[in-house]
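One structure is given here, and the rest of the page talks about it.
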Amino acid sequence: MADDVNVTGMVESDPTIALTDRGLAYGDGLFETVLLRDGVARLWDEHCERLSQGAQRLGFEAPSRAWLDALPGKAPAGEHVLKITLTRGSGGRGYRPPLPAEPRCYWQFIPFTPMPERWVQGITVRLCRLRLACQPVLAGIKHLNRLENVLARQEWQDDTIAEGILLNDRDQLIEATAMNLAWHDQGRWWTPALTECGVEGTLRRALIERGHLSVADHAPLSRLLNSQSACLFNSVQGLWPIVMCHDADGHDTPGQWRIDEAVRCLQREAHTLLGHPPVLSTS
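See below:
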């Protein structure tokens with residue numbers, strides 16, 4: 194990857210972004226959110242590789258690994274999230290991209306406080322009305338076009354609902370609005386295949402590679418609702434057990450789960466990867 198990618202950094206305030214930046218105008222870019230603890234990045238290899246793969250998919254260059262490796266050490270002490278935003282830059286005519294592109298990379302450090310009560314007590318979720326469109330070219334990468342997630346999250350304002358479950362336009366389970374999804378059934382943890390839409394989370398990837406998660410190619414909603422236990426997770430928040438699921442109208446509760454040892458076991462694996470403390474209580 195090129196070392197001469199244009200870079201604009203910010204620490205506390207918003208950067209000045211050109212109105213011609215294609216990331217602003219078209220969502221033509223990528224982003225990563227990385228958990229940092231005293232300047233040490235968790236799942237850093239996975240984040241850098243996803244950013245590189247996403248840039249390759251979109252057809253422009255990411256910063257070099259050496260340049261990226263210098264970012265976490267710039268963080269203040271304590272827990273932070275490093276947000277990296279990479280755009281194609283400015284130029285081109287209309288939707289036609291410039292050749293060659295001159296990418297821009299912005300970053301910021303955001304103080305982070307986890308929500309341990311959700312680790313311990315679990316969460317309530319709801320089913321979303323919105324269906325994710327299938328687009329294999331964009332599937333898996335963390336691109337800037339997140340309007341589907343925004344519209345899905347707009348469906349509820351009840352703070353007791355932690356997340357919304359998203360299906361695709363063929364009613365197959367995909368993910369939550371900002372987290373990956375897994376369910377436990379017949380002695381195995383399953384997570385939906387993301388070959389047509391959805392974000393391949395870095396924690397999801399690490400758990401699959403270590404043999405803790407299996408990928409389900411066929412994932413109708415019934416697989417979740419009939420499972421023994423279920424959870425949501427990402428590389429910042431860790432793992433939240435699901436205890437209840439409401440329908441899209443908030444009237445019915447098609448799914449309820451207990452927080453069993455299978456959940457706690459997967460949570461320990463996830464939190465070890467992230468450096469989060471173990472959960473000592475199930476009350």
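In this note's numbering, the protein residues as written are 194 to 476. Glycine residues also receive a C-beta, built at the ideal position from the N, C-alpha and C atoms.
For the pair residue 423 and residue 463, the CB atoms are not nearer than the 8 Å cut-off.
Assigned with DSSP and collapsed to three states, residue 338 falls in coil, not helix or strand. Around the CB of residue 372, 16 or more other CB atoms lie within 10 Å, so the residue is classed as buried. Per DSSP, the beta bridge partners of residue 233 are 230. Residue state for residue 469 is assigned as coil, using DSSP reduced to three classes. At least 8 Å separates the beta-carbon of residue 317 from that of residue 472. Following the DSSP letters along the chain, one finds residue 272 inside the beta strand (DSSP E) bounded by residues 272-280.
Boundaries for residue 288: no beta strand (DSSP E) harbours it, and the DSSP string shows neither H nor E there.
Under the three-state reduction of DSSP, residue 405 is assigned to coil, being neither helix nor strand. Looking at the backbone, the Cα of residue 356 and that of residue 465 are separated by about 23 Å.
Cβ neighbours of residue 305 within its own chain (closer than 6 Å, five residues either side excluded): 272, 273 and 274. Bounds of the beta strand (DSSP E) holding residue 431 are 431-439. With respect to the 8 Å criterion, residue 360 and residue 414 are classified as neighbours on the basis of their beta carbons.
If you compare the alpha carbons of 234, 298 and 219 with that of residue 269, the shortest gap goes to 234. Bounds of the alpha helix (DSSP H) holding residue 217 are 215-219. Within the segment 304-334, the complete beta strand (DSSP E) runs of at least 3 residues fall at 316-325. Residue environment: residue 368 is assigned as buried (16 or more neighbouring CB atoms within 10 Å of its CB, all protein chains considered). Remark: fewer than three beta-carbon pairs, one from each stretch, lie closer than 8 Å, so the segment 286-296 and the segment 328-336 are not flagged as touching. By alpha-carbon distance to residue 321, the top candidate from 281, 440 and 228 is 440. In the three-state DSSP reduction, residue 238 falls in the helix class (H, G or I).
With respect to the 8 Å criterion, residue 280 and residue 222 are classified as neighbours on the basis of their beta carbons.
Cβ-Cβ separation between residue 362 and residue 416: approximately 18 Å, too far for a contact (criterion under 8 Å).
By the neighbour-count definition (other C-beta atoms within 10 Å, threshold 16), residue 470 is an exposed residue.
Annotation for residue 349: 319, 357 and 443 place their beta carbon closer than 8 Å to its own, counting only its chain and skipping 5 residues before and after.
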